[in-house]
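First to last, the protein sequences are chains A and B. Residue 1256 is where the first sequence starts when you use this note's numbering, and the numbers rise one by one after that. Residue 1256 is where the second sequence starts when you use this note's numbering, and the numbers rise one by one after that. All C-beta atoms in this analysis are idealised placements derived from N, C-alpha and C, irrespective of residue type, glycine included. To keep things clear, I will list the structure first and then write my remarks on it.
There are 2 protein chains.
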Amino acid sequence: MVWSRVTASRMVSYKRTMLMCTLGRRYFMTSGVRYGSSLVYSEYGDPEKVVQMTQQELPVVNSKQVLVKMLAATVNPADINTIQGVYAVKPSLPSIPGNEGIGEVLVLGKEAEDYFQPGDRVIPRLNAWGTWRTHAVADFTDLIKIPPDIALATGATIAVNPGTAYRMLKDFVPLKHGDTVIQNGANSAVGQAVIQIAAAWGLKTINVVRDRPSVMNLKQKLLDLGGTVVLTESEIRKSEELKAFPKPSLGLNCVSGKSGTEILRQLAPRGVMVTYGGMSRQPVTVPVGLLIFNDVALKGFWMTRWNKEHYNHPKRQEMLDDLFQLARDDLLQPPEHSLVPFDSYLVALKNAMPKDGMLGKKQILVF
Amino acid sequence: MVWSRVTASRMVSYKRTMLMCTLGRRYFMTSGVRYGSSLVYSEYGDPEKVVQMTQQELPVVNSKQVLVKMLAATVNPADINTIQGVYAVKPSLPSIPGNEGIGEVLVLGKEAEDYFQPGDRVIPRLNAWGTWRTHAVADFTDLIKIPPDIALATGATIAVNPGTAYRMLKDFVPLKHGDTVIQNGANSAVGQAVIQIAAAWGLKTINVVRDRPSVMNLKQKLLDLGGTVVLTESEIRKSEELKAFPKPSLGLNCVSGKSGTEILRQLAPRGVMVTYGGMSRQPVTVPVGLLIFNDVALKGFWMTRWNKEHYNHPKRQEMLDDLFQLARDDLLQPPEHSLVPFDSYLVALKNAMPKDGMLGKKQILVF
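This is the structure:
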């Protein structure tokens, strides 16, 4: 029986966990059978309506598996869109949502023991792993161990958005110290990570945000994170501050529509705009002259694909190590967030929906 | 005096040339002063109105220069747009139009003698050289010698359009024998060159043309040139023939607008669309999902920039050698064209204007 492998010293915490979870009606064990709770949806639609809490019996951990207790799980826009059925990836239903989160290894299969120990913190190696659940039994190869000194909110939010920022800054245009990057949606989770990673690497950032009532506060917040310039969409064309900068060779676009076109216009000849989102729900309109005469290029980035293609690639561990070190050095903070108890998932789902096209604080489910 | 360097044997042909040109009131020489005729425009506007024929005294050839008698000069859409003032390049006025043409070396400066001989056929190395004139005195470094066995219409039309086709097929996506390329505007001068060069290199082409009354004839013409499939814009989405093909990894776009979007949709994941024109006068609309999830990229190509950047690069001579060899082997024909005497340039200008957005036969001025 797998349970018997658990060391005496860990048993205390397991018992505490079991007690806690049993009280919360989310995890309990009778006669060697374990149960966990998960959010699940069986049809695409409004997340607040189609997502439901369920209890399941957890499978017995086989030799290649581990039992993970989730500690925190992020609610990202891609999760919302996936549940709505409007995302590029349509999981087969019923499905447990959640692409990102941090868990703790409770129980290990024999083969997993060479790689993990009870108490190890882990994040999923693959997208669509389903982090919105109290517990998961998973192949150990589908998990990545992360350092124990990383704060929960950081660990739960580092893989998708800072990963996206890191790769876009690294993989498309060779940048050297002092170079400038322009981005729209600068207040998004990726945008904030871009500002911080760029600042840590000695890159300047021109940050474009949408016009809004309390824009001065937002500007100050992004400047405090390390942004070099923050401009609204309506300021960008007439900005004298911008004219003083050398044209950026890298543009990052998560808004698309007119905002994406404006990023393209700002690029240096041979510049590259990387599109990783379409928050305006509009396509990117590309003036032909920018392609032919300015020689700008448009590319796309999708962290999910990159992770799939670098499933076990050393570059992936190197990226995570870099990001964790930035977090330790206080150079990379998690986005503003609310920690929402798992039972109150409806609050998290409600708060994660864009209001007037704007996203509020990042919602992090805690268990 | 430069004239004295001309060998006795060449004098005969010069005298004949002079006689002919004098009769045509386009080139004459009195007391060592030579005159030539050129088309010139002093304001941007309707080519048929702003372009005028003028006579000038030709400067004396210095040691670095050659006197070239033009033999044939192409009227390309870029020439028309430049005169209209709607092209990316705005020459200072007054300006002699014409980017492409073939000439014959008449007189050489001392330093040029190591590189050219009288009678050599030459094409301009640079854009905006001004080929619409009977004679030109130019730095020898601005000319490229071409083989004597190349037909005039081929020599006059090979640098810009087949050059564009060659580079787009070679420089953006690694293609191997049997791979497929998709293009719109397949009946354009570049499009026809793409079909022929691709066929010579063992590549398949999916060729998209605009719907038009006599489309069956056009289809047959492009199939005869070596096209694999020819479809109209309205056929492309429902074509069963197309579904049988592996998705192309390279798309070539000279139409932009909806047609460009459709080319993007047809690309394989990671495919690249190279835009080299905007005949629809519409921007390219790029669905965000194609960038993020299909990982397609958009790039641009402009022969003028490539030539500038490869002014004296071995790749340029290699390209010309390849193209001339294809022409010799009857694998690359010049586009359908009309040879128009220089004096009748107004006819050429009229015929070079698009009718209902379609271009007619290529107009080649002959001298």
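Query: Alpha carbon of Thr1419/A to alpha carbon of Leu1363/A, nearest angstrom; Result: 31 Å
Query: Opposing strand residues paired with Glu1312/A [DSSP bridges]; Result: Tyr1290/A
Query: Neighbour-count burial assignment, Pro1314/A, 16 or more Cβ in a 10 Å radius; Result: exposed
Query: Residue span of the beta strand (DSSP E) that contains Asn1462/A, given as start and end; Result: 1459–1464
Query: Backbone CA spacing between Leu1473/B and Asn1442/B [nearest angstrom]; Result: 8 Å
Query: Residue range of the beta strand (DSSP E) that includes Gly1440/B; Result: Looking at the DSSP string, Gly1440/B is not in any beta strand (DSSP E), and its letter there is neither H nor E.
Query: Where Gly1358/B falls, given that 16 or more other Cβ within 10 Å makes a residue buried; Result: buried
Query: Classification of Leu1581/B by the beta-carbon crowding that lies within 10 angstroms, buried from 16 upward; Result: buried
Query: Ordered list of beta strand (DSSP E) runs contained in the stretch 1508–1593 of chain A, each at least 3 residues; Result: 1527–1530, 1537–1541, 1552–1555
Query: Own chain partners of Pro1227/A with C-beta closer than 7 Å, once the 5 adjacent residues on each side are dropped; Result: In the structure displayed, chain A extends from 1256 to 1622; residue 1227/A sits before or after that span and is not available.
Query: Endpoints, the alpha helix (DSSP H) within which Leu1614/B is located; Result: No alpha helix (DSSP H) holds Leu1614/B; DSSP gives it neither H nor E.
Query: Chain B within 9 Å of Phe1548/A, Cβ atoms only; Result: yes
Query: Spatially closest choice to Glu1490/B from Val1470/B, Pro1501/B, Ser1504/B, by CA coordinates; Result: Val1470/B
Query: Distance CB(Val1510/A)-CB(Gly1532/A) smaller than 9 Å; Result: yes
Query: Under 7 Å (Cβ pairs) to chain B, residues found in the stretch 1522–1544 of chain A; Result: Thr1530, Tyr1531, Gly1533, Pro1538, Val1539, Thr1540, Val1541, Pro1542, Val1543, Gly1544
Query: Residue-level contact to chain A via CB, Ala1393/B, 9 Å cutoff; Result: no
Query: Start-to-end residues for the alpha helix (DSSP H) that takes in Leu1497/B; Result: 1495–1498
Query: Beta-bridge partners of His1390/A, as assigned by DSSP; Result: Lys1324/A
Query: Within chain B, the residues that Lys1617/A reaches when beta carbons sit closer than 8 Å; Result: Under the 8 Å cutoff, chain B gives no residues; its nearest Cβ is about 21 Å from Lys1617/A.
Query: Nearest to Glu1591/B (by Cα), restricted to the options Leu1601/B, Asn1567/B, Leu1604/B, Leu1477/B; Result: Leu1477/B
Query: Within chain B, partners of Ser1489/A - CB distance below 9 Å; Result: Those do not exist, as Ser1489/A stays about 21 Å from chain B at its closest Cβ, beyond 9 Å.
Query: Proximity test, Cβ basis, 9 Å: Trp1384/B and chain A; Result: no
Query: Close-in-space but distant-in-sequence residues of the same chain around Ala1327/A (CB under 8 Å, 5 per side omitted); Result: Gly1356, Ile1357, Leu1407, Ala1408, Gly1410, Ala1411, Leu1594, Ile1619, Leu1620, Val1621, Phe1622
Query: Short CB-CB distance (under 9 Å) between Leu1553/A and chain B; Result: yes
Query: 9 Å Cβ cutoff met for Asn1336/B and Thr1559/B; Result: no
Query: Local Cβ density within 10 Å of Val1344/A, reported as buried at 16 or more and exposed below that; Result: exposed
Query: Nearest neighbour of Val1377/B, chosen from Ala1414/B, Pro1349/B, Ala1383/B [CA to CA]; Result: Ala1414/B
Query: Neighbourhood of Leu1586/A by C-beta distance below 7 Å, restricted to the same chain and skipping five residues each side; Result: Gln1451, Ala1455
Query: Three CB pairs or more closer than 8 Å across the stretch 1429–1449 of chain B and the stretch 1497–1509 of chain B; Result: yes
Query: 6 Å Cβ shell around Asn1317/B - same chain, five flanking residues per side excluded; Result: Gly1364
Query: DSSP-derived helix/strand/coil call for Arg1280/A; Result: Any answer about Arg1280/A is weak, because its pLDDT of 42 lies below 50 and its placement is not dependable; what the coordinates show is given next. DSSP places Arg1280/A in coil when its eight states are reduced to three.
Query: Where Glu1359/A falls: helix, strand or coil (DSSP); Result: strand
Query: Whole-angstrom distance between Gly1615/B and Gln1447/B, CA atom to CA atom; Result: 13 Å
Query: Which of helix, strand or coil DSSP assigns to Pro1468/A; Result: coil
Query: Simplified DSSP assignment, three categories, for Leu1381/A; Result: coil
Query: Residue span of the beta strand (DSSP E) that contains Val1305/B, given as start and end; Result: First-last for Val1305/B: 1302–1305, but that is the alpha helix (DSSP H), not the beta strand (DSSP E).
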